[in-house]
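Under the UniProt record's numbering, think of the first position of the sequence shown as 1, with each following residue one higher.
Okay, structure first, notes after.
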Amino acid sequence: MAPDPASKASDSEPSPTKTEASAKPAVNGATPTGAAAGLDKHSASSSSFTVVESLNDERSVRSPSSLSASSAPTPSLKPPSLSPESARQRRPGHTPAPSATSLSKILAPAPHATAPPPHHALNKFVLYETKTRFYIVASNQSDTRHRILKVDRTSQDELVLIEDETVYSGRQIRDLLEMVENGNRSSGGLGKVLSFYGIAGFIKFTAGWYMILITKRSVVALLGGHYLYHCEETVHITVNAAGRAEKTAEESRLLHTFQQVDMSKNFYFSYTYDLTSTLQKNLTKPNLGIDSTQPPFDDRYAWNYYLLTPALVCKHLRRASDWLLPLVHGHVDQAKLQDFSRIIYITLIARRSRHFAGARYLKRGVNEDGYVANEVETEQIVSEALTTPFYAPTYDPETGFHLGPNPRYTSYVQYRGSIPTFWAQDVMGMNPKPPIEITVVDPFYTASAKHFDDLLGRYGPSLMILNLIKCREPQPRESKLGIEYQHCVDYLNQFLPEDHKMIYRAWDMSQASKKKQDVIGYLEDLAEESIQMTGFFHSGPEPESHRLRGEYDGSAYRDSILLQNGICRTNCVDCLDRTNAAQFVFGKRALGHQLHALGVVETPNLLFDTDAVNMLTEMYHDHGDTIALQYTGSALVNRVDTYRRKLHWNSHSRNLIENIRRYYANSMLDAEKQTAINLFLGVGPVAPSAQPAPLRDYRAWFDPKHLEPLYKREDCLEGIRKYVEHTHEFWVEYYRPLLFTSLGRHFAYSMNSTSKLPGKPAKDMGTSPFQHRLDHSEHPRLIGGVRRLMGTPHPTPRRKLVFPKAPESETDDTDSEPAEQDLSALAGIVSKSLDPFLKPEEEAEYQMYVEQYKTGFSTRGGEDQKKDMQLYSDAVRTSVGDLPSLLTSELPEKVYVQYAQTAYGGGRFAREDTSKDPRWDIYSAWLNSGDELMMGA
Numbered sequence: 001m002a003p004d005p006a007s008k009a010s011d012s013e014p015s016p017t018k019t020e021a022s023a024k025p026a027v028n029g030a031t032p033t034g035a036a037a038g039l040d041k042h043s044a045s046s047s048s049f050t051v052v053e054s055l056n057d058e059r060s061v062r063s064p065s066s067l068s069a070s071s072a073p074t075p076s077l078k079p080p081s082l083s084p085e086s087a088r089q090r091r092p093g094h095t096p097a098p099s100a101t102s103l104s105k106i107l108a109p110a111p112h113a114t115a116p117p118p119h120h121a122l123n124k125f126v127l128y129e130t131k132t133r134f135y136i137v138a139s140n141q142s143d144t145r146h147r148i149l150k151v152d153r154t155s156q157d158e159l160v161l162i163e164d165e166t167v168y169s170g171r172q173i174r175d176l177l178e179m180v181e182n183g184n185r186s187s188g189g190l191g192k193v194l195s196f197y198g199i200a201g202f203i204k205f206t207a208g209w210y211m212i213l214i215t216k217r218s219v220v221a222l223l224g225g226h227y228l229y230h231c232e233e234t235v236h237i238t239v240n241a242a243g244r245a246e247k248t249a250e251e252s253r254l255l256h257t258f259q260q261v262d263m264s265k266n267f268y269f270s271y272t273y274d275l276t277s278t279l280q281k282n283l284t285k286p287n288l289g290i291d292s293t294q295p296p297f298d299d300r301y302a303w304n305y306y307l308l309t310p311a312l313v314c315k316h317l318r319r320a321s322d323w324l325l326p327l328v329h330g331h332v333d334q335a336k337l338q339d340f341s342r343i344i345y346i347t348l349i350a351r352r353s354r355h356f357a358g359a360r361y362l363k364r365g366v367n368e369d370g371y372v373a374n375e376v377e378t379e380q381i382v383s384e385a386l387t388t389p390f391y392a393p394t395y396d397p398e399t400g401f402h403l404g405p406n407p408r409y410t411s412y413v414q415y416r417g418s419i420p421t422f423w424a425q426d427v428m429g430m431n432p433k434p435p436i437e438i439t440v441v442d443p444f445y446t447a448s449a450k451h452f453d454d455l456l457g458r459y460g461p462s463l464m465i466l467n468l469i470k471c472r473e474p475q476p477r478e479s480k481l482g483i484e485y486q487h488c489v490d491y492l493n494q495f496l497p498e499d500h501k502m503i504y505r506a507w508d509m510s511q512a513s514k515k516k517q518d519v520i521g522y523l524e525d526l527a528e529e530s531i532q533m534t535g536f537f538h539s540g541p542e543p544e545s546h547r548l549r550g551e552y553d554g555s556a557y558r559d560s561i562l563l564q565n566g567i568c569r570t571n572c573v574d575c576l577d578r579t580n581a582a583q584f585v586f587g588k589r590a591l592g593h594q595l596h597a598l599g600v601v602e603t604p605n606l607l608f609d610t611d612a613v614n615m616l617t618e619m620y621h622d623h624g625d626t627i628a629l630q631y632t633g634s635a636l637v638n639r640v641d642t643y644r645r646k647l648h649w650n651s652h653s654r655n656l657i658e659n660i661r662r663y664y665a666n667s668m669l670d671a672e673k674q675t676a677i678n679l680f681l682g683v684g685p686v687a688p689s690a691q692p693a694p695l696r697d698y699r700a701w702f703d704p705k706h707l708e709p710l711y712k713r714e715d716c717l718e719g720i721r722k723y724v725e726h727t728h729e730f731w732v733e734y735y736r737p738l739l740f741t742s743l744g745r746h747f748a749y750s751m752n753s754t755s756k757l758p759g760k761p762a763k764d765m766g767t768s769p770f771q772h773r774l775d776h777s778e779h780p781r782l783i784g785g786v787r788r789l790m791g792t793p794h795p796t797p798r799r800k801l802v803f804p805k806a807p808e809s810e811t812d813d814t815d816s817e818p819a820e821q822d823l824s825a826l827a828g829i830v831s832k833s834l835d836p837f838l839k840p841e842e843e844a845e846y847q848m849y850v851e852q853y854k855t856g857f858s859t860r861g862g863e864d865q866k867k868d869m870q871l872y873s874d875a876v877r878t879s880v881g882d883l884p885s886l887l888t889s890e891l892p893e894k895v896y897v898q899y900a901q902t903a904y905g906g907g908r909f910a911r912e913d914t915s916k917d918p919r920w921d922i923y924s925a926w927l928n929s930g931d932e933l934m935m936g937a
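Laid out in structure tokens, this is it:
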């Protein structure tokens with residue numbers, strides 16, 4: 001049993017291990033009192049209401065046309081819960097007046113009532129309605145903090161949001177809702193509309209506003225104790241009361257077009273982690289909410305930024321980030337790498353840019369602002385689950401133990417995007433491969449210069465360009481783009497300093513695969529060159545084992561964080577099949593470096609056909625399929641196995657089907673799809689600008705500040721320190737130590753892992769994930785069957801040494817005393833549960849666990865710590881072959897004697913018997929030859 005932040009059976013929030021639908025609210029707890037919101041007291045005649053059957057078989061009163069579900073059935077309705085006294089007084093013709101005492105308790109603000117800190121996120125919401133307003137009651141994970149947002153329903157043109165900055169307790173929020181109910185009884189009262197999990201934005205077409213709410217979610221990843229969610233279901237709420245009349249034909253058409261963007265697929269969000277930014281930026285340059293005028297996320301990757309804008313500019317909404325959720329469109333996946341007792345999390349995040357986004361043949365190349373089509377940022381995060389949060393106990397000889405950055409997080413970022421020149425393809429004909437046309441020839445490459453300057457400013461001064469399009473064709477098609485791209489990079493490079501020039505690598509990957517060249521090997525060489533140039537992010541120094549190894553082999557030891565300053569930009573024509581295979585190889589090489597930095601592997605070189613690489617391959621396949629479906633309407637055609645020349649028997653038929661699907665989607669569906677994306681992103685017809693864009697110096701096309709390192713070590717260390725100080729109190733919100741749940745309900749327990757790979761036999765469950773696996777073509781049973789058919793005898797198996805078993809006891813058990821009750825048996829468990837006992841030491845230890853986020857971890861120190869350090873040092877020295885000093889003593893012989901006594905039974909083996917045992921000679925020879933074996937002799 002273990003505490004979990006989101007797996008309480010009776011809680012209002014379902015377990016995050018499964019898809020979560022909107023549930024009934026549970027408002028309780030205690031927090032400082034505050035000023036009550038203004039009450040609606042309008043005596044206008046009530047409009048017609050209807051009784052609707054809810055999902056939970058509850059009946060409530062609401063407007064008949066306020067909901068427009070995008071992918072959900074009619075949500076549940078429930079009136080606000082009232083106190084027993086109020087329930088007794090609610091009889092026909094009686095309106096109780098609140099007492100002065102109760103009003104004074106609610107209306108008098110406490111001196112310390114403030115807005116909730118950022119780490120106490122609001123993640124559960126309940127929507128109530130009156131005739132003139134919507135009331136949104138938001139609660140944190142533990143239901144101890146509640147806030148209110150009011151939405152005006154009388155204005156047709158302007159969106160009016162009024163935020164109450166007071167933090168309420170559960171009792172206060174119930175009393176406040178009761179007052180609103182009493183004040184609006186003459187106009188219909190207060191009714192509950194639904195429970196939901198976040199506000200995705202607001203939009204207006206021709207008349208009236210719509211509020212887009214997330215009503216269903218599922219957990220997809222756990223990063224530093226922050227859950228990442230997938231949006232499963234949304235509804236559209238009509239805000240304006242007058243908008244409930246029948247919609248016009250234009251309004252209905254626009255609403256139908258808007259709903260063509262399926263928000264239940266590939267949209268992700270988080271309440272406490274900025275999913276729009278990389279891990280390196282979040283930790284080293286944290287947005288701590290000090291400047292509330294700027295949104296605390298990167299609007300480039302917030303696909304609902306156009307929907308959030310009306311609320312962000314609302315003058316009565318000061319802390320919009322507490323209420324609005326930026327949605328990332330792309331792909332999020334996480335898996336678990338189990339290396340014996342060590343657990344490694346691998347997280348893959350793909351962020352699609354909202355700029356110049358659209359369908360395949362309708363969005364090509366670059367636009368005038370320097371934005372390219374199919375722009376996707378891919379981040380690979382590798383972390384060790386020794387401690388969950390982004391902070392960990394750190395020891396300082398002067399100050400002792402304190403909370404510092406967790407040194408077990410690494411990340412590597414890649415980038416893909418269309419070739420940044422002006423080009424297009426005409427899809428009016430029925431040609432499955434439309435010809436490529438270069439539409440605009442700019443001798444100064446102005447748009448391309450803007451694009452590369454933006455990359456230098458966002459990622460750092462080191463930029464590698466990997467172009468994988470075809471170089472030689474019978475009929476020039478892709479090769480025309482390659483020539484233009486080469487001229488573009490050569491032209492812009494001549495104005496850059498010599499040590500900051502962009503590295504351009506053009507390679508015909510398709511031709512190399514047809515000639516059966518080593519495609520993967522060449523890409524691995526390019527990946528190593530790129531990683532050495534840009535680096536990757538590591539949140540702490542190298543492990544202690546690297547320092548000890550350095551004392552033996554003289555290798556350098558890194559005692560600080562590692563930063564990524566630069567990016568590798570990969571592209572082919574569509575930035576799909578070839579690009580995804582190349583990014584997988586880069587990710588595989590980066591995974592080796594990340595695991596080596598964490599001290600998991602001795603060398604960054606990872607072999608193919610291991611559990612670790614097989615799992616990463618599947619993750620990149622899912623990543624590529626998702627990006628391809630979003631851009632072209634079909635999955636990947638050529639996968640990694642295509643370039644490894646290990647095709648499955650049905651690969652050709654699958655590729656043919658995917659090509660047909662891609663052709664149909666591009667020819668028949670892309671126009672409607674592009675219209676819906678433009679409406680969702682707020683992209684209108686491009687009008688000619690009255691003011692021409694200012695001319696830039698064609699030689700100084702870059703900002704000189706962008707040639708400086710974007711992430712500097714001293715600034716980043718200070719940024720990580722501030723981040724740790726600001727977010728360390730999330731412990732209680734995440735762990736919820738006073739709740740007990742089964743281990744199976746934890747998301748970290750049920751996620752995909754190397755132990756759950758398909759086809760993995762049970763006998764291999766305990767082997768290393770970095771051990772090479774046999775292919776199906778080399779399966780022992782298959783080879784044995786072939787030998788039997790060919791008449792070839794099976795090779796004789798090697799003999800195994802069989803150790804004698806310990807003799808069974810001959811004593812009579814009839815006179816023995818009864819043994820103590822086995823606590824693992826059912827009777828023992830029942831007996832212990834009926835008579836529980838908790839020692840004071842256990843209670844103190846658990847209390848220290850609950851409050852350890854405040855003071856950090858304690859240690860016994862002294863001789864025990866010195867012995868542990870000596871054992872660890874000896875183990876590291878042994879692993880590198882430094883054995884002579886360990887073999888000078890009689891310790892190996894003592895160890896063998898102790899082992900033999902245990903194996904043969906007590907009294908069966910003595911120290912002087914080692915000379916008579918042939919196994920001792922083998923054991924001694926193995927120890928003496930350990931140095932040569934470890935050094936590879």
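We put the CB at the ideal spot given by N, CA and C, even for glycine.
Only a predicted model underlies this, so the values are computations on that prediction, with no experimental measurement involved.
Check whether residue 296 and residue 287 have beta carbons under 7 Å apart: yes
Which listed residue (269, 161, 565) has its alpha carbon closest to that of residue 121: 269
Three CB pairs or more closer than 8 Å across the stretch 473–487 and the stretch 386–393: no
Own chain residues within Cβ distance below 8 Å of residue 190, not counting five before or after: 79, 80, 128, 129, 130, 135, 177, 180, 181, 184
Cβ-based burial, residue 742 [other Cβ within 10 Å; buried from 16]: Residue 742 should be labelled exposed.
Buried versus exposed, by CB contacts within 10 Å (16 or more), residue 83: Low local confidence applies: a pLDDT of 40 at residue 83 is under 50, so the model's placement there is unreliable, with the coordinate-based value given in what follows. Exposed is the call here.
With 16 other Cβ atoms within 10 Å as the buried cut-off, status of residue 417: Sixteen is the threshold: when 16 or more other Cβ atoms of the shown chains lie within 10 Å of the Cβ of residue 417, as they do, the residue is buried.
Contacting residues, own chain, Cβ-Cβ under 8 Å from residue 771 (five flanking each side not counted): 610, 611
Run of the beta strand (DSSP E) containing residue 211, from where it starts to where it stops: 209–223
Per DSSP, cross-strand counterpart(s) of residue 332: 349
Check whether residue 584 and residue 414 have beta carbons under 7 Å apart: no
Cβ-based burial, residue 846 [other Cβ within 10 Å; buried from 16]: exposed
Residue 102 (DSSP reduced to helix, strand or coil): Only weak support exists for where residue 102 lies, its pLDDT of 35 falling under 50; the coordinates are left without a value.
Residue 659 in three-state terms, based on DSSP: Helix at residue 659.
Span of the alpha helix (DSSP H), counted from its first residue to its last, around residue 136: Premise fails: residue 136 lies in the beta strand (DSSP E), 133–140, not in any alpha helix (DSSP H).
Contact the stretch 155–173 vs the stretch 228–238: 3+ CB pairs below 8 Å: At 8 Å Cβ cutoff, the stretches do not touch.
Residue range of the alpha helix (DSSP H) that includes residue 408: For residue 408, there is no enclosing alpha helix (DSSP H), as DSSP marks it with neither H nor E.
Own chain residues within Cβ distance below 8 Å of residue 808, not counting five before or after: Caution is warranted here: a pLDDT of 49 is assigned to residue 808, below 50, making its placement in the model unreliable, and no coordinate value can be reported.
Reduced DSSP category for residue 259 - H, G, I as helix; E, B as strand; rest coil: coil
Check whether residue 622 and residue 636 have beta carbons under 7 Å apart: no
Span separating the alpha-carbon of residue 531 from that of residue 212: 42 Å
Rounded separation between residue 302 and residue 371 - CA only: 15 Å
Bounding residues of the alpha helix (DSSP H) (the contiguous stretch that carries residue 579): 577–597
First and last residue of the uninterrupted beta strand (DSSP E) at residue 390: Element bounds for residue 390: n/a, residue is neither H nor E.
C-alpha distance - residue 956 paired with residue 591, whole-angstrom precision: Here the chain covers residues 1 to 937 and nothing more, so residue 956 does not appear.
Helix, strand or coil at residue 156 according to DSSP, with G and I counted as helix: If DSSP states are grouped into helix, strand and coil, residue 156 belongs with coil.
Pairwise C-alpha distance: residue 209 and residue 238: 6 Å
Proximity to residue 550 [Cα-Cα], best of 876, 175, 670, 173: 876
Given residue 841 as reference, the closest of 849, 385, 684 once Cα atoms are compared: 849
Candidates 188, 340, 207: closest to residue 755 by CA position: For residue 755, the nearest C-alpha among the options comes from 340.
Segment contact, 8 Å Cβ cut-off, at least three pairs: the stretch 550–566 with the stretch 380–388: Between the stretch 550–566 and the stretch 380–388 there are fewer than three inter-stretch CB-CB distances shorter than 8 Å, so the stretches are not counted as touching.
Three-pair Cβ contact test at 8 Å for the stretch 254–268 versus the stretch 667–681: yes
Buried versus exposed, by CB contacts within 10 Å (16 or more), residue 464: buried
Assumed close pair residue 435, residue 442 - CB separation to whole angstroms, cut-off 8 Å: About 21 Å separates the two Cβ atoms, so there is no contact after all.
Distance, residue 834 Cα to residue 827 Cα: 11 Å
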